[in-house]
Ligand code: HEC
């Protein structure tokens with residue numbers, strides 16, 4: 256019984272240490288954007304919409320429903336940029352804005368390709384370039 260309690264304590268302690276210890280191997284060298292709570296919420300909510308588009312594009316592609324691919328891609332295209340608050344845009348660095356814009360342009364390209372009769376392979380190709388842009392930015396930027 257004692258041993259079990261000791262083991263429990265030891266495990267709890269090591270998990271607690273893991274959760275709070277400064278990361279070494281996983282040290283975070285991303286540039287952190289300093290945003291207020293509302294701005295961080297806006298960026299994160301936009302991000303979830305981007306992932307929704309990726310998910311919807313894949314499932315539409317799987318059904319060879321190109322009209323649905325176009326619709327899913329278009330809503331994350333440049334149309335989304337106009338919906339972002341100007342005060343937030345001013346806080347984003349030029350590199351961040353450039354990467355962000357390339358993602359919106361990329362979604363419009365997917366929408367155009369789907370509209371213009373591109374086949375599944377072509378859309379997959381564009382989508383993989385697109386997810387590459389997501390991971391590139393995620394590797395470089397975080398929110399403080
Ligand atoms: C211009 C930079 C940039 C690009 C491009 C980008 N993201 Fe993000 N994304 C971020 C940042 C910054 C965060 C917040 C990370 C953090 O919390 O530190 C984030 C967070 C997220 C999250 C988590 C949202 C939450 O609720 O916490 C998702 C999901 C996401 N991104 C999806 C995507 C997808 C999908 C793409 C590509 C289609 C993409 N992002 C492209 C910068 C970017």
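Numbering (this note's numbering), first residue to last: 256 to 399.
Glycine included, C-beta positions come from ideal geometry on N, C-alpha and C.
- The count of Cβ pairs closer than 8 Å, one atom from the segment 344-361 and one from the segment 306-315, stays below three, leaving the stretches out of contact.
- Looking at the DSSP output, residue 397 shares a beta bridge with 287.
- Collapsing the DSSP output to three states places residue 327 in a helix.
- For residue 348, the shortest C-beta to heavy atom distance toward ligand 1 is 7 Å or greater.
- Residue 367 sits in a helix when the DSSP states are folded into three classes.
- When the five nearest sequence neighbours on each side are left out, the beta carbons in the same chain lying within less than 6 Å of the beta carbon of residue 370 are those of 325, in order along the chain.
- Short of 8 Å from the beta carbon of residue 287, and not among the five residues preceding or following it, lie these beta carbons of its own chain, in chain order: 396, 397, 398, 399.
- Exclusion of residue 381 from the 7 Å shell around ligand 1 follows from its C-beta lying no nearer than that to any non-hydrogen atom of the ligand.
- When distances are taken from the beta-carbon of residue 398 to the heavy atoms of ligand 1, the shortest one is below 7 Å.
- Set against 7 Å, the gap from the CB of residue 385 to the closest heavy atom of ligand 1 is smaller.
- Cβ contact annotation for residue 377 (same chain, cutoff 8 Å, sequence separation greater than five): 368, in chain order.
- Taking the C-beta atoms as reference points, residue 362 is found nearer than 8 Å to residue 332.
- In this chain, the alpha helix (DSSP H) harbouring residue 295 covers 292-317.
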